[in-house]
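One structure is given here, and the rest of the page talks about it.
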Amino acid sequence: MQYPIKKKIKIYRGNSLKKFLLKASYIAKNVIYIKNFSSNKVLKTSNKDPVLLAYPEKIDIDFKADEFRVLVIKSDNSLIRNAQKLRYQNFFNDKKTNKKVSKIESDEFDKFCDHLLVIDTSVSESYVVGTYRLLLNTPFNSKSELYTSTEFDLEKLKKQKGRILEAGRSCVHPNYRDGRIIRLLWKGLASYIKLKKVDFIIGCASFSGMKVKDFRTELSYLHYYHLAPKKYDSIPIADKKVTFRLKEKKKINKLSSFKLLPPLIKAYLRVGAWVGSGAVLDKKFKTIDVCIILKSKNILNKYLNLAVKN
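Structure (structure tokens):
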């Protein structure tokens with residue numbers, strides 16, 4: 131989206147252009163905020179919209195592991211549609227099938243995000259079998275800076291020093307859920323957070339179903355054993371919050387409760403993730419969601435060298 135520039139902006143060339151770009155703050159996709167040189171504030175138009183200029187920023191993540199290719203693309207890449215088809219299959223029609231899916235799952239956040247893909251090149255150069263949607267917490271012209279902000283209040287975490295990366299829309303093709311693809315996605319994620327100097331990773335993780343009482347054991351376990359520290363904690367948005375009564379801690383068996391968790395939540399917990407307070411109802415996806423909060427160094431320590439090696 132382009133915005134009319136009400137203020138005159140000087141054209142810079144050569145070394146002046148380099149200095150100009152150093153004064154810019156990048157956001158997801160290919161847009162930058164123009165900062166005032168003297169005040170270091172974002173220039174505004176008369177209608178209070180930020181001044182935005184198109185500026186493509188290449189993300190150089192593209193490696194292979196056996197027959198699988200791992201890469202990051204922008205939303206204008208033709209492969210994005212195959213990722214969106216996989217998302218639809220996972221979120222709305224999750225069956226083990228080789229039948230072609232024509233419908234897609236997409237929203238307004240896609241155009242601002244980078245998209246991490248795993249492709250099985252033994253099938254074709256466009257056969258997407260895993261994906262993550264990545265969005266840095268840098269302001270852009272939207273009421274919510276992150277998708278997670280539509281479900282959880284993240285103000286405590288935002289007050290901490292550090293860059294926040296939202297890793298969402300995670301899914302793996304039903305025929306590839308033996309652990310290989312999620313590991314490759316996390317290898318790619320490790321490379322991305324190293325490149326972007328990310329400090330925290332957040333996202334929504336889901337329980338499939340809309341009755342919170344069906345997940346009391348799991349939610350109680352997460353509350354007692356994996357709750358985020360207060361300074362990082364998230365709070366459910368009031369109109370999406372689900373109310374439930376915690377089970378007594380003494381009635382929670384740690385081992386059996388952990389086994390009940392969805393695979394993605396288990397994977398996050400294994401690398402030291404926390405879970406924010408409470409849970410919300412996502413009517414679109416018919417799920418109960420919790421907020422995942424993770425220090426990026428946990429992913430880096432385990433997966434970065436593996437990503438580079440491949």
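Here this note's numbering is used: position 114 in the sequence shown is 244, and no number is missing along the way.
The C-beta atom is built at its ideal place from N, Cα and C for all residues, glycine as well.
All figures in this text were calculated on a predicted structure; none of them were measured in a lab.
Problem set entry | Sequence-distant residues of the same chain with beta carbon closer than 7 Å to Asp250, five excluded per side | Along the sequence shown, read from residue 1 onward, the residue named residue 250 stands at position 120. The beta carbon of Asp250 sits closer than 7 Å to the beta carbons of Glu197, Phe198, Tyr257 and Val259 from its chain, once the five residues preceding and following it are set aside; these are given in chain order.
Problem set entry | DSSP three-state assignment for Arg263, whether helix, strand or coil | Numbered from 1 along the sequence shown, position 133 holds the residue referred to as residue 263. Here Arg263 carries a strand assignment [DSSP, helix/strand/coil].
Exercise. Run through DSSP, which three-state label would Lys289 get?
Worked result: As a working note, residue 289 is residue 159 in the sequence shown. In the structure shown, the three-state DSSP call for Lys289 is coil.
For this session: Please work out which residues of its chain come closer than 6 Å, Cβ to Cβ, to Asp412, disregarding the five sequence neighbours upstream and downstream, and give them in chain order.
Result: In the sequence shown, residue 412 corresponds to position 282, counting from 1. These residues qualify, in order along the chain: Asp419.
Exercise. How many Å lie between Ala320 and Lys327 at the Cα?
Worked result: Residue numbering aside, residue 320 sits at position 190 when the sequence shown is read from its first letter. Residue numbering aside, residue 327 sits at position 197 when the sequence shown is read from its first letter. Cα to Cα, Ala320 sits roughly 10 Å from Lys327.
For this session: Please state if the CB of Cys243 and the CB of Thr278 are separated by a distance shorter than 7 Å.
Result: On the sequence shown, residue 278 is found 148 positions in, with the first residue counted as 1. On the sequence shown, residue 243 is found 113 positions in, with the first residue counted as 1. Cβ distance not < 7 Å, so Thr278 and Cys243 don't count as in contact.
Exercise. Where does Gly408 sit, in a helix, a strand or coil, going by DSSP?
Worked result: The residue labelled residue 408 in the question sits at position 278 within the sequence shown. Three-state DSSP puts Gly408 in coil, outside helix and strand.
Problem set entry | Beta-carbon contacts of Lys126 that lie in its chain and below 8 Å, excluding the five residues immediately before and after | Examination of residue 126 is not possible in this model, given that the chain is present from 131 through 440 alone.
Exercise. Would you report the Cα separation of Val342 and Phe282, rounded to the nearest angstrom?
Worked result: In the sequence shown, residue 342 corresponds to position 212, counting from 1. In the sequence shown, residue 282 corresponds to position 152, counting from 1. Their backbone Cα atoms lie some 17 Å apart in a straight line.
For this session: Can you tell me which of the three DSSP states Glu348 falls into?
Result: Translated into positions along the sequence shown, residue 348 becomes position 218. Residue state for Glu348 is assigned as helix, using DSSP reduced to three classes.
For this session: Kindly indicate the opening and closing residues of the beta strand (DSSP E) around Ala297.
Result: Residue numbering aside, residue 297 sits at position 167 when the sequence shown is read from its first letter. DSSP places Ala297 in the uninterrupted beta strand (DSSP E) bounded by Ile294 to Val302.
For this session: Pick helix, strand or coil for Phe242, following the three-state DSSP scheme.
Result: In the sequence shown, counting from the first residue as 1, residue 242 sits at position 112. Looking at Phe242 - three-state DSSP - the assignment turns out to be helix.
For this session: Just tell me which of Ala403, Lys233, Arg263 and Lys370 has its CA closest to the CA of Ser205.
Result: On the sequence shown, residue 205 is found 75 positions in, with the first residue counted as 1. For Ser205, the closest C-alpha among the options Ala403, Lys233, Arg263 and Lys370 is that of Arg263.
For this session: Could you tell me which of Arg310, His356, Ile191 and Lys381 sits nearest to Trp404, measuring between CA atoms?
Result: Along the sequence shown, read from residue 1 onward, the residue named residue 404 stands at position 274. Of all alpha-carbon atoms in Arg310, His356, Ile191 and Lys381, the one lying nearest the alpha-carbon of Trp404 is that of His356.
Exercise. Between the Cα of Lys194 and the Cα atoms of Ser386, Ser252, Lys371 and Asn220, which residue gives the shortest distance?
Worked result: Mapped onto the sequence shown, residue 194 falls at position 64. The candidate whose alpha carbon is nearest that of Lys194 is Ser252.
For this session: Please check the pair Ser350 and Lys377, which I expect to be a contact at CB under 8 Å, by giving their CB distance rounded to whole angstroms.
Result: For this step, residue 350 is matched to residue 220 along the sequence shown. For this step, residue 377 is matched to residue 247 along the sequence shown. The pair is a contact, with the Cβ atoms about 4 Å apart (cut-off 8 Å).
Exercise. In chain order, which continuous runs of the alpha helix (DSSP H) of length 4 or greater are located wholly inside the stretch 367-415?
Worked result: DSSP runs (the alpha helix (DSSP H)) wholly in the stretch 367-415: 384-390 and 393-400.
Exercise. Out of Lys414, Leu246 and Leu390, which has the shortest C-alpha to C-alpha gap to Leu352?
Worked result: As a first step, residue 352 must be located in the sequence shown, where it is residue number 222. Between Leu352 and the set Lys414, Leu246 and Leu390, the nearest pair of CA atoms involves Leu390.
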